[in-house]
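Residue numbers (this note's numbering): 129 to 578.
This is the structure:
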């Protein structure tokens, strides 16, 4: 005969067993092949970000070079404005999100033969963006399916490849451009990236259960219809407030993020720094990028991924409003203060704005669940890409003519970036509130940590 006490004990044991089984599914024992497989996934995705995305994050070196060339005669950039030049990088960054190693190779080769600005915009901008997209999206969408408890840390390590890549590529690009010219540098870097991406792509595969689920979905369509069918998220998710909030914060943050990345070397020159020191600022930004993604990813697993997601966005706004904007104002009359503020901005923005990128995929899992990750990822990165395509050129328009090389040229650009960052901060907080409401409706307890 069973008693209420024994029933409660049995129920508690069953609940514990279910919880342990769920934990095992999310975090299988890191022994043997499982541990090795996860390590290979991390390395492969890291190398993809290091090679292609790290090179894109060093576009500030090209931006500064092309702006200098625009003041000289008989070259593809003669008379070009900052906006026209920045369009090259912004196109590549925009298409990196919504869209193959072989594309990366031949688009760099084509860019090296460009004889007009539009040739570089098409090859180094459009085509490199497509090539980067075909490698970047798998590197951010596939790995989360392999990790549970330490998803934030592992994705931080993977996305840190962009920062470490930028740190390594910046001095390499500067040295190559000075020794062999930018035309020979483009195909050289393209071929190196092709080899690295091909090797990494052979390892980067979906987790077995996710692969089986996707295969089952794909079997419902013919080869032709499946090729052209866009995997959209379910309507019931799209109509939620948290989807709207996450979409808006992705748009605002992406529109702001790439402007400092691309203009950091050019802005440093207005403070009196040389070309080599300008490239050092790009390297410093990328070093902070890597440190921030790794460190914030570790913290996110401890204190909550959504909470950390909000904090990094808030600190990105604080660094822009508190450091870059004052630097543009004071830099003209007090160069020493302008330089100090700019160095502080480079460090803080690199640490926290980049961490947003590393936490983006883990945040999507928290908000919408792993089962919806393949469908949610595509539309979110598409929105980021579209925003990046608009944000950086608009910021370039807000900068004054390059004829007057002074820090206050960049004041309105800095204000624009700050306004976008505070908008992103508000919408991230909105998404957090919506997630908290959803989870409270399930267990009816107040949740402080998300």
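The beta carbon of each residue, even a glycine, is placed where N, CA and C say it ideally should be.
Is there contact here, the stretch 488-500 with the stretch 396-410, by at least three beta-carbon pairs under 8 angstroms? no
Using beta-carbon positions only, say whether residue 486 and residue 425 come within less than 8 angstroms of one another. Counting from one through the chain shown, the residue named residue 486 turns up at place 358. Counting from one through the chain shown, the residue named residue 425 turns up at place 297. Cβ atoms of residue 486 and residue 425: closer than 8 angstroms.
Close Cβ partners of residue 543 (< 7 angstroms) along its chain, the five nearest in sequence each way excluded: On the chain shown, residue 543 is found 415 positions in, with the first residue counted as 1. 453, listed in sequence order.
Excluding the five sequence neighbours on either side, which residues of its own chain have a C-beta within less than 7 angstroms of the C-beta of residue 159, listed in chain order? What you label residue 159 is simply residue 31 of the chain shown in a count that begins at 1. Below a pLDDT of 50, predicted positions are generally treated as unreliable, and residue 159, at 40, falls in that range; the measurement from the model is reported next regardless. If we look at residue 159 and ignore the five residues flanking it on each side, it has no Cβ neighbours.
Consult DSSP for residue 540 and reduce its assignment to one of helix, strand or coil. If you number the chain shown from 1, residue 540 lands on position 412. Note: residue 540 maps to helix in three-state DSSP.
Over what stretch of residues does the alpha helix (DSSP H) that includes residue 476 continue unbroken? The residue given as residue 476 occupies position 348 in the chain shown. Where residue 476 is concerned, the enclosing alpha helix (DSSP H) stretches over 463-496.
Roughly how many angstroms separate the alpha carbons of residue 522 and residue 516, rounded to a whole number? Here residue 522 refers to the residue found at position 394 of the chain shown. Here residue 516 refers to the residue found at position 388 of the chain shown. Distance between the alpha carbons of residue 522 and residue 516 is about 10 angstroms.
If we count the other Cβ atoms within 10 Å of its Cβ and call it buried at 16 or more, is residue 455 buried or exposed? Residue numbering aside, residue 455 sits at position 327 when the chain shown is read from its first letter. Per the 10 Å Cβ criterion, buried.
Just the C-alpha distance for residue 447 and residue 526, rounded to the nearest angstrom, thanks. In the chain shown, residue 447 corresponds to position 319, counting from 1. In the chain shown, residue 526 corresponds to position 398, counting from 1. Roughly 20 angstroms separates the two Cα atoms.
Cβ pair count under 8 angstroms reaching 3, the stretch 181-192 against the stretch 290-299: yes
In whole angstroms, give me the CA-to-CA distance for residue 200 and residue 188. Sequence index remark: in the chain shown, residue 200 carries index 72 (1-based). Sequence index remark: in the chain shown, residue 188 carries index 60 (1-based). Rounded to the nearest angstrom, the two C-alpha atoms are 19 angstroms apart.
When 324, 307, 301, 398 are compared against residue 462, the one with the closest alpha-carbon: By one-based count along the chain shown, residue 462 stands at place 334. When only C-alpha atoms are compared, the closest one is 398.
Which word fits residue 429, buried or exposed, when buried means at least 16 other C-beta atoms lie within 10 angstroms of its C-beta? For the purposes of this step, residue 429 is identified with residue 301 of the chain shown, where counting begins at 1. By the 10 Å Cβ count, residue 429 comes out buried.
Among 422, 545, 534, 507, which has the Cα closest to the Cα of residue 366? Counting from 1 along the chain shown, the entry for residue 366 is found at position 238. Answer by Cα proximity: 507.
In the structure shown, what three-state DSSP assignment does residue 200 receive? Translated into the one-based positions of the chain shown, residue 200 becomes position 72. Coil.
Span of the alpha helix (DSSP H) around residue 391: Here residue 391 is taken as the residue at index 263 of the chain shown, counted from 1. Counting along the chain, the alpha helix (DSSP H) containing residue 391 begins and ends at 369-398.
Nearest CA to the CA of residue 471: which residue from 393, 273, 298? Numbered from its first residue, the chain shown carries residue 471 at position 343. Taking only the C-alpha atoms, the option nearest residue 471 is 393.
Given a cut-off of 8 angstroms on the beta-carbon distance, is the pair residue 335 and residue 274 in contact? As a first step, residue 335 must be located in the chain shown, where it is residue number 207. As a first step, residue 274 must be located in the chain shown, where it is residue number 146. In this structure, residue 274 lies closer than 8 angstroms to residue 335 by Cβ.
For residue 172, the three-state DSSP class (helix, strand or coil): Counted from its first residue, the chain shown places residue 172 at position 44. Residue 172: helix per DSSP, three-state reduction.
Throw me the rounded Cβ distance for the residue 380 and residue 551 pair, which I believe falls under 8 angstroms. By 1-based counting over the chain shown, the position of residue 380 is 252. By 1-based counting over the chain shown, the position of residue 551 is 423. So it is a contact: roughly 4 angstroms between Cβ atoms.
Is residue 169 buried or exposed, if buried means 16 or more other CB atoms sit within 10 Å of its CB? Mapped onto the chain shown, residue 169 falls at position 41. It is buried - the Cβ of residue 169 has at least 16 other Cβ atoms within 10 Å.
Please report the distance separating the alpha-carbon of residue 435 from that of residue 476. Here residue 435 refers to the residue found at position 307 when the chain shown is read from its first residue. Here residue 476 refers to the residue found at position 348 when the chain shown is read from its first residue. Rounded to whole angstroms, residue 435 to residue 476 spans 18 angstroms at the Cα level.
From 416, 363, 196, residue whose alpha carbon lies closest to that of residue 389: As a working mapping, residue 389 is identified with position 261 in the chain shown. Of 416, 363, 196, the residue nearest in Cα terms is 416.
Do residue 534 and residue 484 have their beta-carbon atoms positioned less than 8 angstroms apart in this structure? Stepping through the chain shown from its first residue, residue 484 is reached at position 356. Stepping through the chain shown from its first residue, residue 534 is reached at position 406. Not closer than 8 angstroms, so no.
Residue 243 by DSSP, collapsed to three states: which one? For this step, residue 243 is matched to residue 115 along the chain shown. It is coil, neither helix nor strand.
Report back the beta-carbon spacing between residue 323 and residue 172 to the nearest angstrom; my notes put them in contact at under 8 angstroms. Reading the chain shown from its first residue, position 195 is the one you call residue 323. Reading the chain shown from its first residue, position 44 is the one you call residue 172. About 13 angstroms separates the two Cβ atoms, so there is no contact after all.
For residue 277, three-class secondary structure by DSSP: Taking the chain shown and counting its residues from 1, one reaches residue 277 at position 149. It is coil, neither helix nor strand.
Residues near residue 451 in its chain [Cβ-Cβ closer than 6 angstroms; skip 5 each side]: If you number the chain shown from 1, residue 451 lands on position 323. These residues qualify, in order along the chain: 469, 472, 473.
So what's residue 270 in DSSP terms, helix, strand or just coil? For the purposes of this step, residue 270 is identified with residue 142 of the chain shown, where counting begins at 1. Coil, per DSSP.
Would you tell me roughly how many angstroms separate the C-alpha atoms of residue 557 and residue 438, rounded to the nearest one? Taking the chain shown and counting its residues from 1, the one referred to as residue 557 is at position 429. Taking the chain shown and counting its residues from 1, the one referred to as residue 438 is at position 310. Taking the straight line joining both Cα atoms gives about 6 angstroms.
Give the secondary structure of residue 401 by DSSP, where H, G and I count as helix, E and B as strand, and everything else as coil. Position 273 of the chain shown, counted from the first residue, corresponds to residue 401. Coil, per DSSP.
Since residue 493 contacts residue 271 with CB under 8 angstroms, what's their CB separation in whole angstroms? On the chain shown, residue 493 is found 365 positions in, with the first residue counted as 1. On the chain shown, residue 271 is found 143 positions in, with the first residue counted as 1. Not confirmed; about 11 angstroms, so no contact.
Let me know the secondary structure DSSP gives residue 456 once reduced to three states. Sequence index remark: in the chain shown, residue 456 carries index 328 (1-based). In the structure shown, residue 456 sits in a helix (DSSP, three-state: H, G or I).
Could you tell me the alpha carbon to alpha carbon distance between residue 315 and residue 302, rounded to whole angstroms? Stepping through the chain shown from its first residue, residue 315 is reached at position 187. Stepping through the chain shown from its first residue, residue 302 is reached at position 174. Straight-line Cα distance between these residues: approximately 15 angstroms.
Mark residue 421 as exposed unless 16 or more other C-beta atoms lie within 10 angstroms of its C-beta, in which case mark it buried. The residue labelled residue 421 in the question sits at position 293 within the chain shown. The residue in question, residue 421, is buried, as its Cβ has 16 or more Cβ neighbours within 10 Å.
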